[in-house]
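Below: one structure, written as structure tokens.
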Amino acid sequence: MNRAGVTHVLSRLSYISALGMMTRISSQFEKTRKVSGPRALQPSQWGMLCPSDTPEGEACGLVKNLALMTHITTNAEEEPVKRWVFTVDDNVEPIRNFSGSEMHREGSYIIHINGTPFALTKFPKRFTNRFRTMRRRGWISPFVGVHINNHFNAVHIATDEGRICRPYIIVKNGKPKLKAEHLKLLQLGKATFDDFLTNGVVEYLDVNEENDTLVALYETDVNQST
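Just so you know, we're using the UniProt record's numbering here: the sequence shown kicks off at 1 and counts up by one.
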């Protein structure tokens, strides 16, 4: 197996070149093959990879770069999340209290933590909404993801590493939480992006949670009905 190119020397010619090299994603596909499929942008990469930043020539599309504010998660502890699962909603019960037929009864949703069945709930929407509220208040790590899979009647919570996520402005009752005064504080140096994260103004969503969320591309797309 060809192992060439596994390690690279980090270029420090400028800050931009170093930043670009640290966010580079290289495919193992052979550059000499004239196939368009591996070079194209996949729908799951929307918002996570830059659609424009790719070299010309035979490496076009095979070398991509992360979007500017994309974050790759590191491993977060499961134990605090497990305790919050039962704190968030009183109707959540440990999965060991149920038989196989009870777990797969209509209306029951299994809560998985990193793919492992952990608890059971009959109100998945309420549970995920409350879980996200706790995360926005800073009681749960901002990089812990939660989403509903209605096809398999499951709620998935992810705390593992390697998930690509990006920040979104939180919208409540049809109004974005990011106001002009927040941007002014940022310009004056009196606030940082981390302050917006801990104060529930913005939040990070991974690809799975993004599919379970309504996302508006422009502020004009946000209204009371959405």
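C-beta atoms are modelled at their ideal positions from N, C-alpha and C, and glycine is treated no differently.
- Asn-153 and Lys-82 have their C-alpha atoms spaced approximately 19 angstroms apart.
- Across the set Arg-24, Leu-68, Pro-176, the C-alpha of Arg-24 shows the shortest separation from the C-alpha of Val-6.
- Taking a 10 Å sphere around the C-beta of Asn-150, we find fewer than 16 other C-beta atoms and assign the residue as exposed.
- Beta bridge pairing from DSSP links Thr-121 with Tyr-109.
- Taking C-alpha positions only, Leu-188 is separated from Thr-128 by approximately 36 angstroms.
- Bounds of the beta strand (DSSP E) holding Asn-65 are 63-65.
- When the five nearest sequence neighbours on each side are left out, the beta carbons in the same chain lying within less than 6 angstroms of the beta carbon of Gly-47 are those of Arg-166, in order along the chain.
- Taking every protein chain shown into account, the CB of His-147 has 16 or more other CB atoms within 10 angstroms, so this residue is buried.
- As far as DSSP is concerned, Val-9 takes part in no beta bridge.
- Cβ-Cβ distances below 8 angstroms link Pro-38 to Ser-27, Phe-29, Gly-61, Leu-62 in the same chain, with the five nearest sequence neighbours on each side left out; the list follows chain order.
- Going by beta carbons, Asp-206 and Gly-107 fall outside the 7 angstroms limit.
- Pro-80 is classed as exposed because its beta carbon has fewer than 16 other beta carbons within 10 Å across all chains shown.
- In the assembly as shown, His-156 is a buried residue. Its beta-carbon has 16 or more other beta-carbons within 10 Å.
- By the Cβ-count criterion, Val-85 is buried, with 16 or more other Cβ atoms from all chains shown falling within 10 Å of its own Cβ.
- When the alpha-carbon of Phe-118 is set against those of Arg-132, Thr-133, Arg-126, Asn-97, the nearest one is in Asn-97.
- Proximity to Ala-76 across Ser-141, Leu-10, Met-134, Asn-223 peaks at Ser-141, based on C-alpha coordinates.
- Judged by their CB atoms, Lys-177 and Ile-170 are nearer to each other than the 7 angstroms cut-off.
- Between the C-alpha atoms of Ser-36 and Arg-136 there is a straight-line separation of about 41 angstroms.
- DSSP places Gly-189 outside any beta strand (DSSP E), giving it a letter other than H or E.
- Looking at the DSSP output, Lys-82 sits in no beta bridge, so it has no partner there.
- Taking all protein chains shown into account, Ile-113 has 16 or more neighbouring C-beta atoms within 10 Å of its C-beta and is therefore buried.
- Judged by DSSP secondary structure, Gly-145 falls outside any alpha helix (DSSP H) and instead within the beta strand (DSSP E) spanning 145-149.
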